[in-house]
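Visitor: Here it is, the structure in full.
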Amino acid sequence: MKLHGTVPVMLLPFRADESIDEAPFRKQVDFAIEAGAVAVCAPGFATEFYKLSDPERYWVAKTLVEQTARRVPAFVSTGCGSAHATIEFSQYAESMGADGLMVVAPKWCALGVKELTAFYEAVCRSVKIPVMLQDADFTGAGLPAKLFVELAERCPNFRFAKLEVLLPGSKCAEIIHLSGGKLQVLYGLGGVAMMDGLAHGATGMIPGSALVEVYAKIFRLYGAGQVDQARALFHRLLPYLVFALQHLELAVGIEKRVLYRRGVFPSDRLREPTLHLDNDYQKQMDELVDAVIGLVNEVKAATATRG
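Using our numbering, you'd call the opening residue of the sequence shown number 4 and step up by one each time.
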């Protein structure tokens, strides 16, 4: 399996009582695929997985696979607080027909490279489907490149690295070089470092699901050698991304607002506890949402004209 393009993480629509609203979740999967996603993923940070019960996380996995229906690969994010729970969830996802796993390491205590390598090796050996290591260190350099390479040598189904770290470019290039190109690298954090990733060999971006058309267009332009045009389009996304990435709940909230405005979700509700913005921040958010919806419409119109 190769991933070249946008792999959005699905968000969760909630009713007024904060229960999961199934129909718009399924609608979102279709929406993302039709917009150009090359694979889909859940339940991740954008899915508010940290607010879900275990049965809800399992439900998300099953429903994602069902709704994707083999149109594109479905990756289930299975990282839990222990190797035991992660393996259990991973094997469940595989049994439901998931095409791959995305696994973030336990964050509740500091672990060394030796312990983390053992954790990921145990997870990889527990399943047959491809595994993506989510290197989520939002304020640091993350795991050393040698961990990825050693793991790939031991576990043939370890195929992908998702980088969500500071200054990821050199690490991206190092992983690709040291693995002899066996490992594909994708960038997270909403795609805020997308141009850096493309320049250093990353083959995919993992943002939310609200703006897939724009990311897909940037990929097409870059792949066609139109780097300046790709960069110019990406720069129009930056104000939105910079605002969103001030806080995880803000990032989820603004994506949900775009999905609401685009008719995918019936509301932009998040589960509590969450941020409650004052009027000034609400105004900023609405202005940015207006801008990116306008950008999406431009991209869609240009694509329709070309087609």
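The C-beta atom is built at its ideal place from N, Cα and C for all residues, glycine as well.
#1: Taking E91 as the reference, give the member of L154, R128, L189, E118 with the closest Cα.
#2: Output yes or no for whether 8 Å exceeds the beta carbon distance between V168 and G200.
#3: Which one or two residues does DSSP pair with F17 in a beta bridge?
#4: Assuming the contact rule is C-beta atoms closer than 8 Å, C44 and S80 should be a hit. Round their C-beta distance to whole Å, please.
#5: Check C1 in the structure and name its three-state DSSP category.
#6: Between I23 and G228, what straight-line distance do the alpha-carbon atoms span, to the nearest angstrom?
#7: Expressed to the nearest angstrom, what Euclidean distance is found between the alpha-carbon atoms of T308 and E301?
#8: Measuring straight from C-alpha to C-alpha, what distance separates Y61 and V75?
#9: Taking buried to mean at least 16 other C-beta atoms within 10 Å of its own C-beta, is G47 buried or exposed?
#10: Which stretch, first to last residue, makes up the alpha helix (DSSP H) that contains E290?
#11: List the residues that DSSP assigns as beta-bridge partners of F78.
#12: Would you kindly work out how many angstroms separate the C-alpha atoms of K117 and G184, rounded to a whole number?
#13: Please say whether Q31 and L55 have beta carbons closer to each other than 8 Å?
#14: Just tell me which of I179, G194, V10, F141 has its CA closest to the CA of V188.
#15: Which word fits K110, buried or exposed, when buried means at least 16 other C-beta atoms lie within 10 angstroms of its C-beta?
Guide: So, from the data block:
#1: Selected option, being the one with the closest Cα: R128.
#2: Going by C-beta atoms, V168 is not nearer than 8 Å to G200.
#3: F17 is bridged to I23.
#4: The Cβ separation is near 6 Å, so the contact holds.
#5: This structure does not reach residue 1, given that the chain is present from 4 up to 310, and the question cannot be answered.
#6: Near 43 Å, if we compare the C-alpha coordinates of G228 and I23.
#7: If you take the alpha carbons of T308 and E301, they lie about 11 Å apart.
#8: Rounded to the nearest whole angstrom, the CA to CA distance from Y61 to V75 is 20 Å.
#9: Buried, since its Cβ has 16 or more Cβ neighbours within 10 Å.
#10: Looking at the DSSP string, the run of the alpha helix (DSSP H) that includes E290 is 282-309.
#11: BP columns for F78 point to C44, G103.
#12: Distance from the CA atom of K117 to the CA atom of G184, rounded to whole angstroms, is 24 Å.
#13: Contact: no.
#14: Comparing Cα-Cα distances from V188 to each of I179, G194, V10, F141, the minimum goes to I179.
#15: Exposed, since its Cβ has fewer than 16 Cβ neighbours within 10 Å.
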